[in-house]
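Number of protein chains: 2
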Amino acid sequence: MDLNERKLKILQAIVSDFITTSEPVGSRTLSKRPDIDLSPATIRNEMSDLEEMGYLTHPHTSAGRVPSDKAYRLYVDQLMQGSDLPEVNKQEITDRLHKDADELDQTVEHAAQLLSEMTNLVSFAITPNRSESKISYINFLPVDENSVVLMIVCEDGKVTNSAIRMNAPYTEENLTLMSKVMTHNFKGKAVSAVLTENIASMFESDMQALSGLAGSVVPSFMKTLEKMLNVDLYMDGYSNIFRLPEYSDVAKAQNFLETVTNKEQFTNVLVNRDNGLAITIGDENSEDLKDCALVTADYKVNGKLVGRLGVIGPKRMKYGEVTSVIKYITDNLSRTFEIEAPAEEAEPVEAADNDEQ
Amino acid sequence: MDLNERKLKILQAIVSDFITTSEPVGSRTLSKRPDIDLSPATIRNEMSDLEEMGYLTHPHTSAGRVPSDKAYRLYVDQLMQGSDLPEVNKQEITDRLHKDADELDQTVEHAAQLLSEMTNLVSFAITPNRSESKISYINFLPVDENSVVLMIVCEDGKVTNSAIRMNAPYTEENLTLMSKVMTHNFKGKAVSAVLTENIASMFESDMQALSGLAGSVVPSFMKTLEKMLNVDLYMDGYSNIFRLPEYSDVAKAQNFLETVTNKEQFTNVLVNRDNGLAITIGDENSEDLKDCALVTADYKVNGKLVGRLGVIGPKRMKYGEVTSVIKYITDNLSRTFEIEAPAEEAEPVEAADNDEQ
DNA sequence: TGTTAGCACTCTGAGCGAAAGAGTGCTAAC
DNA sequence: GTTAGCACTCTTTCGCTCAGAGTGCTAACA
Numbered sequence: 003m004d005l006n007e008r009k010l011k012i013l014q015a016i017v018s019d020f021i022t023t024s025e026p027v028g029s030r031t032l033s034k035r036p037d038i039d040l041s042p043a044t045i046r047n048e049m050s051d052l053e054e055m056g057y058l059t060h061p062h063t064s065a066g067r068v069p070s071d072k073a074y075r076l077y078v079d080q081l082m083q084g085s086d087l088p089e090v091n092k093q094e095i096t097d098r099l100h101k102d103a104d105e106l107d108q109t110v111e112h113a114a115q116l117l118s119e120m121t122n123l124v125s126f127a128i129t130p131n132r133s134e135s136k137i138s139y140i141n142f143l144p145v146d147e148n149s150v151v152l153m154i155v156c157e158d159g160k161v162t163n164s165a166i167r168m169n170a171p172y173t174e175e176n177l178t179l180m181s182k183v184m185t186h187n188f189k190g191k192a193v194s195a196v197l198t199e200n201i202a203s204m205f206e207s208d209m210q211a212l213s214g215l216a217g218s219v220v221p222s223f224m225k226t227l228e229k230m231l232n233v234d235l236y237m238d239g240y241s242n243i244f245r246l247p248e249y250s251d252v253a254k255a256q257n258f259l260e261t262v263t264n265k266e267q268f269t270n271v272l273v274n275r276d277n278g279l280a281i282t283i284g285d286e287n288s289e290d291l292k293d294c295a296l297v298t299a300d301y302k303v304n305g306k307l308v309g310r311l312g313v314i315g316p317k318r319m320k321y322g323e324v325t326s327v328i329k330y331i332t333d334n335l336s337r338t339f340e341i342e343a344p345a346e347e348a349e350p351v352e353a354a355d356n357d358e359q
Numbered sequence: 003m004d005l006n007e008r009k010l011k012i013l014q015a016i017v018s019d020f021i022t023t024s025e026p027v028g029s030r031t032l033s034k035r036p037d038i039d040l041s042p043a044t045i046r047n048e049m050s051d052l053e054e055m056g057y058l059t060h061p062h063t064s065a066g067r068v069p070s071d072k073a074y075r076l077y078v079d080q081l082m083q084g085s086d087l088p089e090v091n092k093q094e095i096t097d098r099l100h101k102d103a104d105e106l107d108q109t110v111e112h113a114a115q116l117l118s119e120m121t122n123l124v125s126f127a128i129t130p131n132r133s134e135s136k137i138s139y140i141n142f143l144p145v146d147e148n149s150v151v152l153m154i155v156c157e158d159g160k161v162t163n164s165a166i167r168m169n170a171p172y173t174e175e176n177l178t179l180m181s182k183v184m185t186h187n188f189k190g191k192a193v194s195a196v197l198t199e200n201i202a203s204m205f206e207s208d209m210q211a212l213s214g215l216a217g218s219v220v221p222s223f224m225k226t227l228e229k230m231l232n233v234d235l236y237m238d239g240y241s242n243i244f245r246l247p248e249y250s251d252v253a254k255a256q257n258f259l260e261t262v263t264n265k266e267q268f269t270n271v272l273v274n275r276d277n278g279l280a281i282t283i284g285d286e287n288s289e290d291l292k293d294c295a296l297v298t299a300d301y302k303v304n305g306k307l308v309g310r311l312g313v314i315g316p317k318r319m320k321y322g323e324v325t326s327v328i329k330y331i332t333d334n335l336s337r338t339f340e341i342e343a344p345a346e347e348a349e350p351v352e353a354a355d356n357d358e359q
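First to last, the sequence lines map onto chains A and B. Each residue of the first sequence is one higher than the last, beginning at 3 in the numbering used here. Each residue of the second sequence is one higher than the last, beginning at 3 in the numbering used here.
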């Protein structure tokens with residue numbers, strides 16, 4: 003038995019019908035569609051075949067057919083027609099993303115917000131991983147006699163800072179010296195590379211005058227670098243799930259919310275997805291998301307750093323629309339954080355990208 | 003008719019019974035309690051009186067009594083007995099709050115997490131408002147030829163930074179000069195005070211050499227200062243509401259989540275609450291929270307800055323337990339961010355408090 | 001005079017069965 | 001190969017009854 007033209011057509015009709023109604027699709031309903039010119043009985047035969055082939059299931063004998071994960075996969079890969087975003091929406095995306103375009107974090111948060119509004123699903127966005135970002139400055143500033151602030155600036159403009167409680171007394175000169183020596187040592191190196199270096203030994207050789215401070219500074223420096231690698235997760239539209247009949251059961255809604263509000267775990271899921279546009283459906287996800295579908299896409303910052311943005315919802319989602327919204331937003335974000343007029347320079351000029359407060 | 007001893011006792015029994023069961027309380031149930039030695043009929047008479055006085059309501063004729071908002075208020079003010087936190091919980095709070103005590107934001111986030119776990123309610127925490135914090139440094143760092151990073155450090159160690167896109171070319175010397183002049187001008191002034199000054203004029207008089215840069219810098223500087231005033235909101239335990247029978251109705255759960263996930267609006271509610279321990283019940287809240295109760299308390303940072311932490315849940319909450327957990331956590335937080343061993347100095351030494359990236 | 005027992009009454013919620021509706025699968029005819 | 005027809009299945013909804021919980025009132029009691 004093979005998937006001939008007619009079976010595909012029927013399958014497509016069933017999937018798209020089910021996506022909009024969330025009700026099992028019966029043969030009579032299908033036969034009424036203008037694009038399908040077959041009697042209910044014929045359709046029933048085909049549906050029976052499709053079920054045997056694993057594309058459809060049956061909640062119970064006297065119910066219509068429901069697409070299986072396999073059917074959604076086929077639908078997404080071959081059957082679905084990409085929808086073009088209405089001009090109004092495009093305009094809105096552009097407008098709203100450019101409103102606070104000088105703050106990466108804020109813009110990304112807005113992007114997530116926008117996405118949940120436009121898809122009526124739960125949306126999320128993660129900021130780029132900076133393990134390959136290069137260090138640009140290291141700076142110690144006095145706060146009071148016991149504590150200083152350490153700030154590390156990356157070439158892409160990202161700033162991370164921490165408070166450090168000093169064990170030994172320090173002078174402003176100490177701090178300036180330390181800032182200079184460390185900047186000199188690490189400038190131009192990637193964050194991940196520095197994290198594997200033996201920093202303590204550097205203090206011994208280069209900075210004997212400061213070795214008394216090393217005990218306070220080294221662990222904090224490492225911690226701050228690690229903080230630089232943290233990926234922020236923004237989510238929006240939690241309450242959208244209540245609009246979906248699949249979550250009218252409170253237990254299911256609870257389950258979903260629990261999974262999705264576990265930031266650490268969920269960030270992990272997102273970080274480990276395929277690059278580019280990625281759609282995973284049902285089984286293709288981990289156990290606790292097996293009733294969901296995720297659609298994600300990447301955005302670029304300075305043409306290098308890669309963040310990610312997407313939605314999570316029921317397998318029955320409007321893949322065409324959702325995909326085009328996500329693509330449009332990520333493209334827009336990438337353009338927003340694009341290098342501006344590199345013009346004559348060979349080395350790329352980093353665009354404004356910086357952290358939140 | 004007045005609230006005599008017996009009526010109070012009955013009312014207290016009804017409220018505490020309803021809090022644990024969420025079922026309307028009948029006269030027979032009450033008469034079985036060891037602390038109430040009255041026949042159901044007598045209790046019925048008293049309940050009828052209490053209803054007339056506005057302390058009880060009746061879902062329908064043949065149901066037990068339910069406390070009114072007025073009853074909860076009385077309960078909280080007079081009838082409830084404060085519970086003492088078990089030693090295990092105290093220990094856990096202390097342990098978990100001190101794990102990352104060098105990062106205010108992170109600690110506050112952990113506190114919210116802890117609170118939702120211990121109360122099984124939705125918890126929240128806001129970071130302190132810094133409008134009265136004093137500025138300590140202002141620093142411009144070059145990023146690339148078009149952009150610089152501006153960072154403002156407060157006396158309490160809080161750092162805020164922004165990327166600035168420059169309209170005119172700049173030199174490192176320009177930045178250093180600008181940093182010095184601005185630090186000199188604003189050091190020791192409160193953020194809110196600086197925000198009302200006429201910064202632009204300062205550029206004209208003090209910094210003529212830099213006036214070409216002022217156009218880029220002044221608006222960004224103001225924006226960054228405003229960012230310094232932003233209060234961060236952390237929430238946790240959203241999915242706890244599904245455990246409560248009052249939210250077994252999906253529409254109610256949706257409503258609740260929508261109200262509470264509106265960060266801006268909800269932050270506003272929190273910022274405008276009374277200082278110290280504040281409990282608001284039903285009507286006492288805004289319209290969209292009229293079925294809820296909020297309990298909040300303040301914590302202090304450096305004995306000055308004040309943040310806030312609390313829970314939101316149904317009016318039927320264990321006020322005693324909740325209050326003692328919140329108090330214990332806020333006290334603990336205040337101690338964590340306390341000035342450490344000021345010893346000989348007159349001027350208070352600021353403890354480590356700094357921002358999240 | 002306050003308290004209590006008794007009883008009729010009310011309202012809710014669970015349980016049950018009937019009936020409607022949707023849809024299938026099979027058979028037989030086209 | 002397609003279709004009409006029909007018996008059959010399963011779910012959902014509706015109405016009904018009945019048990020249970022609780023009240024309010026009255027009358028008796030201490």
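Yeah, the Cβ is synthetic: ideal placement off N, Cα and C, and Gly gets one too.
For B/ILE38, three-class secondary structure by DSSP: In the displayed model, B/ILE38 falls within coil according to three-state DSSP, outside both helix and strand.
Taking 8 Å as the CB-CB limit, is B/VAL155 close to chain A? yes
Inter-residue spacing [alpha-carbon to alpha-carbon] between B/TYR240 and B/LEU246: 12 Å
At which residues does the alpha helix (DSSP H) containing B/ILE328 begin and terminate? 321-338
Coil, strand or helix - A/ASN141 by DSSP: strand
Could you tell me which chain B residues have their CB closer than 7 Å to the CB of A/SER241, listed as they occur along the chain? Result: GLN256, LEU259, GLU260, THR263.
Closest Cα partner of B/LEU87 within the set B/ARG337, B/LYS320, B/ASP71: Residue B/LYS320 is the option with its Cα nearest to B/LEU87.
Looking at B/SER133: is its Cβ nearer than 8 Å to the Cβ of B/ALA192? yes
In chain order, what residues of the region 185-196 of chain A put their CB closer than 7 Å to some CB of chain B? Those would be none; no residue qualifies.
Quick one: is B/ASP104 near chain A, going by C-beta distance under 8 Å? yes
Establish whether the CB of A/PHE244 and some CB of chain B are separated by less than 8 Å. yes
Spatial neighbours of A/GLU157 within its chain, please: C-beta separation below 7 Å, excluding the five flanking residues on both sides. Cβ within range, chain order: SER135, LYS136, SER138, GLU352.
Contacts of B/LEU143 in chain A (Cβ-Cβ under 7 Å): TYR139, VAL155
Mind checking the region 161-174 of chain B against chain A and listing, in chain order, the residues whose C-beta falls within less than 8 Å of any C-beta there? VAL161, THR162, ASN163, SER164, ALA165, ILE166, ARG167
Whether B/ALA253 touches B/ILE243 by CB criterion (8 Å): no
Mind checking who A/ILE387 pairs with in its DSSP beta bridge? Because chain A here runs from 3 to 359, residue 387 of chain A falls outside it and cannot be looked at.
Residues that B/VAL252 contacts on chain A, provided the C-beta gap is smaller than 9 Å: Going along chain A in sequence order, the residues near B/VAL252 (Cβ under 9 Å) are PHE244, TYR249, SER250, ASP251, VAL252, ALA255.
Helix, strand or coil at B/ARG318 [DSSP, three-state]: The answer is coil: DSSP assigns B/ARG318 none of H, G, I, E or B.
Beta-carbon proximity of A/ILE166 to A/SER222, cut-off 8 Å: With contacts defined as CB atoms closer than 8 Å, A/ILE166 and A/SER222 qualify as a contacting pair.
Which residue comes first and which comes last in the beta strand (DSSP E) that contains A/MET237? 235-238
Out of A/ARG310, A/ASN141, A/LYS34, A/LYS265, state which residue places its alpha-carbon closest to the alpha-carbon of A/SER164. For A/SER164, the nearest C-alpha among the options comes from A/ASN141.
Determine the chain A residues that contact B/SER218 at a beta-carbon separation under 8 Å, and present them in chain order. Residues of chain A passing the Cβ test: none, with the nearest at roughly 11 Å.
Can you grab the Cα-Cα spacing for the pair B/ARG318 / B/VAL262, in whole Å? 18 Å
Candidates A/VAL78, A/GLU119, A/ASP79, of which the one nearest A/ARG98 by Cα: Among A/VAL78, A/GLU119, A/ASP79, the Cα nearest to that of A/ARG98 is on A/GLU119.
By DSSP, does A/THR226 sit in helix, in strand, or in coil? helix
Taking only three categories from DSSP, how would you classify B/THR263? helix
Three-state class that DSSP yields for A/GLU199 in the structure shown: coil
Unbroken stretches of the beta strand (DSSP E), 3 residues or longer, contained in the region 65-152 of chain A: 124-128, 137-144
At the level of alpha carbons, what is the spacing between B/SER64 and B/MET55? 20 Å
Give a yes or no on contact between the region 320-337 of chain A and the region 74-91 of chain A, applying the rule of three or more CB pairs nearer than 8 Å. Using a Cβ-Cβ distance cut-off of 8 Å, the region 320-337 of chain A and the region 74-91 of chain A are in contact, since at least three pairs of beta carbons, one from each stretch, lie closer than that value.
Taking 8 Å as the limit between beta carbons, can you name the residues of its chain near B/LEU58, skipping five residues before and five after? LEU13, ILE16, MET49, LEU52, ARG67, VAL68, PRO69, SER70, ALA73
Proximity below 8 Å, CB of B/ASN200 to CB of B/MET168: No. Outside cutoff.
If we count the other Cβ atoms within 10 Å of its Cβ and call it buried at 16 or more, is A/ALA127 buried or exposed? buried
Compare the C-beta of A/SER24 against all C-beta atoms of chain B and say whether one is closer than 8 Å. no
With DSSP as the reference, please indicate the residues paired to A/VAL297 in a beta bridge. A/ILE281, A/VAL313
So what does DSSP say about A/ALA170, is it helix, strand or coil? coil
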